[in-house]
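Protein chains: 4
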Amino acid sequence: MRVIEFTPTPEQFAYTFGGVAPVMRIAPGTALQLWSQDAFNFALRSTSDLSSQKVDLRFVNPQTGPFYVEGAEPGDTLAIHIVELTPARNFGASAAIPFFGGLTSTPVTSMLQEALPDTTWIYEVDSDRQMVGFQARHSDFELALPINTMLGTVGVAPGAQEVRTSLVPERFGGNMDSPEVRAGTTIFLGVNVDGALFSLGDGHYRQGEGESCGTAVEGAMNSLVIVDLIKGHAPAWPRFENDDFWMAVGSARPLEDSWRIGNVEMVRWLEELYGLHTMDAYQLLSQVALSPIANVVDANYSVVVKAPKSILPTATAYDGIHADLRARAATLLG
Amino acid sequence: MRVIEFTPTPEQFAYTFGGVAPVMRIAPGTALQLWSQDAFNFALRSTSDLSSQKVDLRFVNPQTGPFYVEGAEPGDTLAIHIVELTPARNFGASAAIPFFGGLTSTPVTSMLQEALPDTTWIYEVDSDRQMVGFQARHSDFELALPINTMLGTVGVAPGAQEVRTSLVPERFGGNMDSPEVRAGTTIFLGVNVDGALFSLGDGHYRQGEGESCGTAVEGAMNSLVIVDLIKGHAPAWPRFENDDFWMAVGSARPLEDSWRIGNVEMVRWLEELYGLHTMDAYQLLSQVALSPIANVVDANYSVVVKAPKSILPTATAYDGIHADLRARAATLLG
Amino acid sequence: MRVIEFTPTPEQFAYTFGGVAPVMRIAPGTALQLWSQDAFNFALRSTSDLSSQKVDLRFVNPQTGPFYVEGAEPGDTLAIHIVELTPARNFGASAAIPFFGGLTSTPVTSMLQEALPDTTWIYEVDSDRQMVGFQARHSDFELALPINTMLGTVGVAPGAQEVRTSLVPERFGGNMDSPEVRAGTTIFLGVNVDGALFSLGDGHYRQGEGESCGTAVEGAMNSLVIVDLIKGHAPAWPRFENDDFWMAVGSARPLEDSWRIGNVEMVRWLEELYGLHTMDAYQLLSQVALSPIANVVDANYSVVVKAPKSILPTATAYDGIHADLRARAATLLG
Amino acid sequence: MRVIEFTPTPEQFAYTFGGVAPVMRIAPGTALQLWSQDAFNFALRSTSDLSSQKVDLRFVNPQTGPFYVEGAEPGDTLAIHIVELTPARNFGASAAIPFFGGLTSTPVTSMLQEALPDTTWIYEVDSDRQMVGFQARHSDFELALPINTMLGTVGVAPGAQEVRTSLVPERFGGNMDSPEVRAGTTIFLGVNVDGALFSLGDGHYRQGEGESCGTAVEGAMNSLVIVDLIKGHAPAWPRFENDDFWMAVGSARPLEDSWRIGNVEMVRWLEELYGLHTMDAYQLLSQVALSPIANVVDANYSVVVKAPKSILPTATAYDGIHADLRARAATLLG
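Right under this line is the structure:
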C-alpha cells in the first residue's frame, strides 16, 4: 500500500475543524504518515516556560490537515484506522494553565478565587524503555511512567456551516482526549461536508482518564493512519472499534449528557449488530458496559461507552471494515 | 478468626442509612457472614412481575445491618474488607422501572414524555459455569454473561443528624453502585456517629459501569466481610483499596461534580502516600488516573477515580491495613 | 382568630426536617406567631466574628418547630399562609463563608484553589425607614437597602423515612431561599408523615435572587403565619400562590433539573386550573412564565416558575383557599 | 440622524455568527431600520404546518446582517441600542418541535423515550389592542396575551476563528433568547474581529422566561436600532443596560455555569461602577440581584443577572453612552 507522508509547515497548522482549505486530496484507502506539532505549539520546552507567558489559548492543538477525502459526501462515514503512533520528540510537556483544567475554576465554570500556581512539567522520553519521566516540581519525587501514545484530536468538519476550534469535542469528533484513540482503533465519524475534511493532532505520550489538569504529556507525534470511506451509515456521534470493544463517544455538558449520548449511541449500535429491540439493547448494555471518562476539561466533556466483544456474540460492523483495516495495517507494519 | 453469621428477618431490613437501631454490636476485626435480600425485595420473580405493580420505590435496597462497631467515634475510619460475595439465589432480576434509570426522564430530570415500557428480565444463575443468562424480552436473543458479584450499597450513618434512603450514595458511602465494591476490595468510610452503624446490601450478580437502565442483575447475596476500625483519619469521601488500585469515589450531581470530588480526594491521598505537593499530586494523577463511571441513575451520580499501583511506587495506607485484611481473609477462605 | 405564640429555647432548635419530636400540636387553621433565630445561630454579631471561627455548618438554619398539624396524613396538602414577617433584631449579618457560596468552589463542586477571604458584613436595621445598611468591608462605600423580609426555610418532614438538614431544599420544601416566601404568599406542601411536622426559620431581611455569596442579610425574625390543611391533593413539589402569581419550585442539581421540575409542576397546575391538555399547558407556560432563580448555593439549587394571574383567566386552586387565607390574615393585621 | 433601511433577500439570510460576508458597511452611530424573517423561515403558516415536515433545523433563526462597523477592532465594545421592535406580520407561530425544547429529551440530553406530539400554534396579531391570540390545539381554550416584542438573537462574530450557528448563545451574544433584549435596552458586546460583524434576528412577539417549549411567539420583525462603538473595554460576556438595570448574561451548560458567569461579570461591573473591592461587590450583588432565566433550550442555556439602578447609587458606564443613545433614540421616535 502506498503511504503518503505529510509534515505541515507552521503556516499550514489548522486551529479549527471546518473553515480551512484542505492541504491535500486523498483517495479512500490511503495510508498517511503524518507529523503533528504538540498542543502547546512547542512553546513549553523547559520548566521555566510558563503557559501564562508562552501559550496563546487561541492557537493550541495545531491540526495536521485537513485532508479532502475524494467521494466523501454528507451522510457518509469516514473510517480512520490508527496503525501506529510514535513520539516525534525526546520530551513531552504538561502544564497547569491558570484557569484551565478540571480542578480549578475556569472562564465558564466561573468563580472569584485566585488561580492555581502556573506550573510546567517536562517529561524526558526514554525510547528504549518506552517510558516518560515525571519529575515533581514542588516535591522531591521522580517516577518513570510507561508511554501510551494516543491522539487528543481526530475530527472532520462540523455540520450546519459551523467552524469550531481544535479545543472542542463534538459530533464531528475533535478534541475528545480519549486514551482509546490509539494504535489499533478504528474511528467512525459521520461526514458533514464534501470531502469530510479530516485532520488530527494533539499527540499525547500518555494521559490519565479525565485529563484532570487539562493537559496530558503533550508531544509532537508521528501518526500512521489509514483513511477509508463507507458510503452512507453516518453515526450520530463518533464510534470506535478495536479488537476488544465496540465504543461510542458522547461530548457535551454537563457530563451526564455526554454519558447519555454515548449510551444511546451504543444502544443503537447493539440494535444494529444483534438485531435487538431497543429495550433489550438497553438492558444488555446496562449489564456489560464499561464507561471511562475521557475528559472533563475541554469545551465539551467526553465519555466513552464500551461494550466488550469478549463476552458478546461475534458480529461485524460496516461489513467488517475494522478487521480489514487491521489486516492492511499489518502489511504496513510488516 | 470467629465469623458471626446474620440473616435479617424482613422486619429487620433497614431502608435507610442512619435512623435505625443496630441489629448487633461487633468488635473491630470481626468477620461477618451476611445474607442480604435483593434490591426489589424479592418482588420480581418472573418476567410477568412488573416493577410498576410490584415494587414500592420507598422500600427498595433493603440493608442488612446496621452493625454498631464498638469504639467507633466520629472522625474515625471504618475499614470494610470484602472477602467473598456469592449469589444466594438461583436467579437474578433486572427491570426498566418507569421513569427510573439513565436513558429516561425521571421525577428529577423531569420531562413530559411517556415512560418507556415497563419490562422485567430474569437471569438464571449457572453456578457451575459462573454465568447468568440474559434472555431478551422483545427480541430473539440469548446470552450467557459471566457472574461478577458486587454490592451496590455499603455505608455508615450520615453526619449532621441526617437519615438517607438506601438509594442514595454520598460521603457516607451508600448506594454507590460501583463494580469496584467486590471481593478483594477494602472500603474506607469516615465515621459520623458513635458505632459507625455500618450496613450493606443491594447485591448484584453483575453490572455494567453506569448502570444505565437503573438496575443491575439484582439478587440476594451471601457476603463475607471483615470490619475493622482505624482511629481517626476519616477521609472526606469514600476511599477504596485493592491489590491493584488506590481509589476514591465522588457522589453528587451533576456528574462532573462527582468526578471533581473523586479527583480532589485522590490528590489528597497521593499527597499523603508519597509526600507530594498538591500541584505535583494533581499532575501525577492527571497522567495515571482511570475514571470509570459507577452510576448515573441514583439520587447522586458516582464516579470512581483510580490510581494504578502497578506504575506507582510501593506505598501503604493506614499502616498497611489492606494487606493485613487480605491475609486475614485468606485464612477465612483457606 | 386565636394566635398561638411560640419562641423556642436554644435546646428546642431543630436542625433537620424530620427526625425531631414536635414542639406542639396545632389544629388546622391555627395562626402562629413565631420567633426564629438567625441562620448563624447568632454567632456573627460584629464584623470581627468570622464564620470560619464561629459558625458550625452542622448547626445552622435553626428551625422553629416542628408543629404537629392534627389530622394531616400522607397525601394531604399543608397550606401555610405568611401573614407578616418582621425583623426581630436591630441588625442582620451576612458572610462569605470559606468554600460556601455560588462563586467559590465547595466540598461538592470541589477544586484545589484557595478559599476566598472569610468576611462578615453587619447590616444595621433602620426600622423607621425600613432599610438595612450595607457597609463595604474592603472599600469605602455605604448604601441603605430596602428591607424585604422573607423566610429562607419553610418545610415539612420528608418522605421515605428521610431526615434532611435545614440546609436542604427538596420536595418537602426546606431551604428554598426564595424571595417569594414572604408576606402574602400561601405555600402548598405535600404531607409525607402524620402531622406533617411543619417548621420554619432562616429569616432574611433581604436577599438577591440566587443568593450568590451563600448568605442573605440573615436575622432573627418574628413570623405570623396561618397553617391550614387540605385533605388529599398533595402536589409533587412545592407550590406557591399569592395575589399575583401561581408558582412552583424545583430544587435539584444541576440547575436545569430544578427548572425542569418547576416547569413540569406548573404545566400540571395549569392543566388543573384551566382544564388544558398537557401540550397546550406547555405552550401557554412557554409564553407567560417568569423564572427567577432562588438559590444556587444550597445542597440543592432552587428555581421558581411563575405564571402571572394578571394575564391569565381568573381561576381558583384548592377551593380558593388562598383568598380565604388572605381574608383571615386581614383580620389578624386589622 | 440618518436611518439606513435594510431588508435581506432570502439569499442574504445568514445562519451563522461569523463566516459570512457583510451585507453592508456602516459608520458607528448609524441607525438601522431592519426587517428580519421569523425563526422558522416562514415555514409555519397554519396549524397544519408541522415543524417535523417543514422546518430544517440547520436553517433556522435567519439573521439580518452581518454589518461591518467601521473602525471596530478586537477588544472594542459594540453598543447596540434597541429603539423600537414592531411585528412585521399579522400572525406569529410557535411549535413543539420533536426532540427540541426544555421538557423533552433532545439529541444532547439524549434518552430513549418517544417524542412529544409535533404541534404548531398560530397566534393572530391584534395591532390595535397590542395582543396576540393563543388558541389551544388539544383543548377548548383561547386567550389574548399582551405583545412584548423582543429579539432572540443579537450578536457579533465569535473569536478564535469560530463560526457558530444562529441557534447558539455564547460570549459573542447570539441566541440568548432573553426578554431583556427589547426596546430601551443597550447591548454591549465585545468585538472579536475587524468590523465586529453584527447581526440580529429571531423576533419574538412575546416569550416566557426560559422559553420552555423551545420556541416563542415567533414572527417577522421590524427593528430600529442604533449601533455605536466604544474603543476598547470589551466585556468578557454580554452586558445589557436599560433605564432600570445593569445586567450581564451568561450562556453555558449546565445552567449553574451560566448563572456563575452572569454573576462574576456583574461583580466585575459593580467593581468598575462603584470602585468596590471584589468581596464587597460580591456581597452587594448577593443582596440586590435579580436572576431571571432566559432560555434552557438552546445550544447553551442563558441566565441574566440584574442589578436594579433604583436602589443603587447613580453611576454611568462607558461614559454614559446608554443615556446618550436613549436621547438619540427619542429623536428617531419623535
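Protein chains in written order, with numbering that gives the first Met the number 0: chain F, 0 to 333; chain V, 0 to 333; chain Y, 0 to 333; chain L, 0 to 333. Even glycine gets a Cβ: it sits at the ideal position worked out from N, Cα and C.
Item                                                                                                                           : Value
7 Å Cβ cutoff, glutamine 160 of chain L in contact with chain F                                                                : yes
Candidates L:Ala38, L:Ile3, L:Phe16 and L:Gly17: closest to methionine 23 of chain L by CA position                            : L:Ile3
Within 7 Å, strictly: CB atoms of glycine 64 of chain F and alanine 233 of chain F                                             : no
7 Å Cβ cutoff, serine 336 of chain V in contact with chain F                                                                   : Since the displayed chain V opens at 0 and closes at 333, residue 336 of chain V lies outside it and no answer follows.
Whether phenylalanine 140 of chain Y touches alanine 114 of chain Y by CB criterion (7 Å)                                      : no
Alanine 219 of chain V: CB within 6 Å of a non-hydrogen atom of the ligand GDP                                                 : Questions concerning the ligand GDP fall outside what the structure shown contains, since it holds no ligand whatsoever.
Euclidean distance between Cα positions of glutamine 129 of chain F and leucine 144 of chain F                                 : 9 Å
Neighbourhood of leucine 188 of chain F by C-beta, 6 Å cutoff - its chain only, sequence neighbours within 5 removed           : Leu77, Val155, Gly172 and Pro237
Nearest neighbour of aspartate 297 of chain L, chosen from Y:Lys308, Y:Thr105 and Y:Glu255 [CA to CA]                          : Y:Glu255
Cβ-based neighbour list, asparagine 191 of chain L, same chain, cut-off 7 Å, excluding 5 preceding and 5 following             : Pro73, Val155, Ala156, Pro157, Gly158 and Phe171
Positions along the stretch 299–312 of chain L whose CB lies within less than 9 Å of some CB in chain Y                        : Tyr300, Val302, Val304, Lys305, Ala306, Ile310, Leu311 and Pro312
Residue-level contact to chain F via CB, serine 138 of chain L, 7 Å cutoff                                                     : no
Where the beta strand (DSSP E) containing leucine 49 of chain F begins and where it ends                                       : Segment: none, leucine 49 of chain F is in no beta strand (DSSP E) and carries neither H nor E.
Short Cβ contact (7 Å threshold) for glutamine 112 of chain V with threonine 103 of chain L                                    : yes
First and last residue of the uninterrupted beta strand (DSSP E) at glycine 202 of chain Y                                     : 197–205
Reference leucine 269 of chain V; option with closest CA among V:Trp258, V:Ser93, V:Thr313 and V:Ala328                        : V:Thr313
Coarse secondary structure for glutamate 4 of chain L, derived from DSSP in three states                                       : strand
Distance between beta carbons of alanine 92 of chain V and phenylalanine 16 of chain V, contact taken as under 8 Å             : Actually they do not touch by this definition, with Cβ atoms about 24 Å apart.
Touching by the beta-carbon criterion (3+ pairs, under 8 Å), the stretch 292–309 of chain L and the stretch 173–180 of chain L : yes
Below-7 Å beta-carbon distance, serine 109 of chain F vs any chain L residue                                                   : yes
4-residue-minimum alpha helix (DSSP H) runs that sit fully inside the stretch 26–82 of chain V, ordered along the chain        : 50–53
Where serine 93 of chain L sits in the DSSP three-state scheme                                                                 : strand
Chain F residues whose Cβ lies nearer than 7 Å to that of threonine 118 of chain V                                             : Met278
Closer than 8 Å at the beta carbon, the chain V residues around proline 253 of chain Y                                         : Arg252 and Pro253
Alpha-carbon spacing of alanine 316 of chain Y relative to glutamate 240 of chain Y, whole angstroms                           : 9 Å
Segments assigned alpha helix (DSSP H), at least 4 residues, entirely inside the stretch 236–311 of chain F                    : 254–273 and 277–287
Per-residue contacts from alanine 101 of chain V into chain Y (C-beta, under 8 Å)                                              : Per the sequence shown, residue 101 of chain V should be read as glycine rather than alanine. The premise fails here: glycine 101 of chain V is roughly 14 Å from chain Y at the closest Cβ pair, so nothing lies under 8 Å.
Residue burial classification, proline 307 of chain L (beta-carbon count within 10 angstroms, cutoff 16)                       : exposed
Pick from F:Phe58, F:Ser290 and F:Val224 that is closest to isoleucine 79 of chain F, judged by C-alpha positions              : F:Val224
Neighbourhood of glycine 213 of chain L by C-beta, 7 Å cutoff - its chain only, sequence neighbours within 5 removed           : Ile96, Phe99, Gly100, Gly101 and Val296
Closer than 7 Å to chain Y by CB, glutamine 112 of chain F                                                                     : yes
Cβ of isoleucine 121 of chain L within 7 Å of any chain Y Cβ                                                                   : no
Proximal residues, the stretch 218–236 of chain Y versus chain F, C-beta separation under 7 Å                                  : none
Local Cβ density within 10 Å of methionine 0 of chain L, reported as buried at 16 or more and exposed below that               : exposed
Range covered by the alpha helix (DSSP H) that runs through alanine 316 of chain F                                             : First-last for alanine 316 of chain F: undefined, no H or E at that position.
Alpha-carbon spacing of arginine 181 of chain V relative to asparagine 299 of chain V, whole angstroms                         : 21 Å
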